[in-house]
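Since the structure comes first, as structure tokens, the remarks are kept for the end.
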């Protein structure tokens, strides 16, 4: 099983019925902050129902003034409230009922700030943010509150929020050391919050400087000490550093960090907070936020691979290619309907569909932002993975997924998503590699090839009338068994055994 599959199993085990994610394997009570920032992660790995459950529970427990505290903590915290915002904003476009709680949270965050500087309210010294002899957690982690606040402002058209973000960002950028890992209170977990926030807010140069500071301490095996002067590692911090390195395109460091982290993952799918001699950050309990960032880093491993290798992929494909013929035959005549190219790459199939069906509305979705730069004009683009796609049920008249399912680590959930967004009577075409031919090509560690009947069985259970056949490709005139086309029509039912995928 992959890091993602094991991590997802841990999340399901420690999600509290009707609430959110547990603090840890030992403290099994729901944690608002982590439940909030887990929502985008859940969406990205196909756990949509859990994401919606967390969001609903957070609405139920929001305080009248809009704030949130820690698990069972009567004191409200700006950081915790900001992370609930992070989760809600990920769903705001499709759940308009979240607007009121989002506004209450944003207004409370801004109301706590110094109106002149934008400095956000700090917890009392010696309290929740105390690191003992190392001092206090750096208030710079409040930068991690500003990105969701900015996104809320953009979605809601609320200039007050975006103006505040600019003012507050200026305060932290000019008044605090943000990029020096040698500070005594720079635990990797907190330091990485700041670097990711800098990236989110558009300060890539500063994020690169911060990651250069920490990179000097990375070991050949990929490990990074929790603080500059200790021999142990902080697992959420290491996952977060891997995530930021992936986002910056520093793949060698990111791969090394993620590889070391994978060796630490417990059989349960969780991670102790820290490992090694003298470890002192939750060393005997699996903390939920370590799983969250391990999942995020693993997902970015895939998207960053395609960002880096974008030049290897052809921007066009011959209309005589067997895969093109299979797509056109499979979707039939879509007329002026909506078509989704899921995992589109450079959208070469979308381009052919646009030529064949000029009245159709075509949407090209891909996890790689660099791939999407090559999508021809006139085709709508969506930067997202196939799991947890940001479309309502039954949005499309036809869905195609060509050589993309193999890169989604949770195949059954990906199939469920492809069917979910397809209207009853809509057509689905999937083209991918045949498991019987595995070994014919070099593949990535996360890549999957498929048994023909297993995909058919799942599609049938998901309410599809479906069939499969081997098809030719490239300059081959005859099918050699490498590529399989699964195609069919949605009937509108889902068998019971797949309702809880």
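In the working numbering, the protein residues as written are 73 to 573.
Where a beta carbon is used, it is the ideal one built from N, C-alpha and C, also for glycine.
- Ranked by Cα distance from residue 440, the options 453, 144 and 428 are led by 453.
- With 16 or more other Cβ atoms from the protein chains shown falling within 10 Å of its own Cβ, residue 492 counts as buried.
- Secondary structure at residue 418: coil, using DSSP grouped into helix, strand and coil.
- For residue 536, the uninterrupted beta strand (DSSP E) run begins and ends at 536-543, by DSSP.
- DSSP places residue 505 within a strand segment (E or B) once states are collapsed to three.
- Along the length of the segment 407-472, whole alpha helix (DSSP H) runs at least 4 residues long occupy 420-428 and 441-444, reported in chain order.
- For residue 294, there is no enclosing alpha helix (DSSP H), since its DSSP letter is neither H nor E.
- Residue 344 sits in a strand when the DSSP states are folded into three classes.
- When rounded, the separation of the alpha-carbon atoms in residue 489 and residue 451 is 21 Å.
- Ranked by how close their Cα comes to the Cα of residue 498, the residues 171, 405, 236 and 340 have 405 in first place.
- Within the model, the alpha-carbon separation for residue 205 versus residue 351 is close to 16 Å.
- In the three-state DSSP reduction, residue 498 falls in the strand class (E or B).
- Beta-carbon to beta-carbon, residue 166 and residue 462 are separated by about 7 Å, close enough to satisfy the 8 Å threshold.
- The segment 290-297 makes no contact with the segment 235-250; the number of CB pairs closer than 8 Å stays below 3.
- The C-beta of residue 554 has 16 or more other C-beta atoms within 10 Å across all chains shown, which makes the residue buried.
- Relative to the Cα of residue 255, the nearest Cα in the group 238, 212, 275 and 235 belongs to 212.
- Within the segment 147-210, the complete alpha helix (DSSP H) runs of at least 4 residues fall at 150-164 and 171-184.
- DSSP places residue 561 inside the beta strand (DSSP E), whose first and last residues are 555-562.
- Within the same chain, Cβ atoms closer than 7 Å to the Cβ of residue 385 are found at 417 and 418, the five residues on either side in sequence being excluded.
- If you check the CB distance, residue 163 and residue 123 come in under 8 Å.
- Look at residue 144 here: in three-state DSSP terms it is coil, with no helix or strand label.
- The segment 465-473 and the segment 357-373 do not touch, with fewer than 3 CB-CB distances between them shorter than 8 Å.
- An exposed status is given to residue 252, since fewer than 16 other beta-carbon atoms sit within 10 Å of its beta-carbon.
- Take residue 176, set aside five residues on each side of it, and the residues of its chain with a beta-carbon closer than 6 Å to its own are 138, in chain order.
- For residue 258, the closest alpha carbon among the candidates 90, 240 and 301 is that of 301.
- Excluding its 5 nearest sequence neighbours in each direction, residue 380 has C-beta neighbours in its own chain below 7 Å: 321 and 323, listed in chain order.
- Take the alpha-carbon of residue 81 and the one of residue 132: they are about 26 Å apart.
- Here the alpha carbons of residue 103 and residue 93 stand approximately 6 Å from one another.
- Here DSSP, grouped into helix, strand and coil, assigns residue 95 to coil.
- The Cβ-Cβ distance between residue 560 and residue 539 falls below 8 Å.
- Inter-residue distance for residue 215 and residue 100 is about 29 Å (C-alpha atoms, whole angstroms).
- With distances taken between CA atoms, residue 354 lies nearest to 308 out of 308, 328 and 396.
- In the same chain as residue 237, and ignoring 5 residues on each side of it, the C-beta atoms closer than 6 Å to its own belong to 218, 221 and 222, in chain order.
- The beta-carbon distance between residue 142 and residue 149, rounded to whole angstroms, is 7 Å. This is short enough to meet the 8 Å contact definition.
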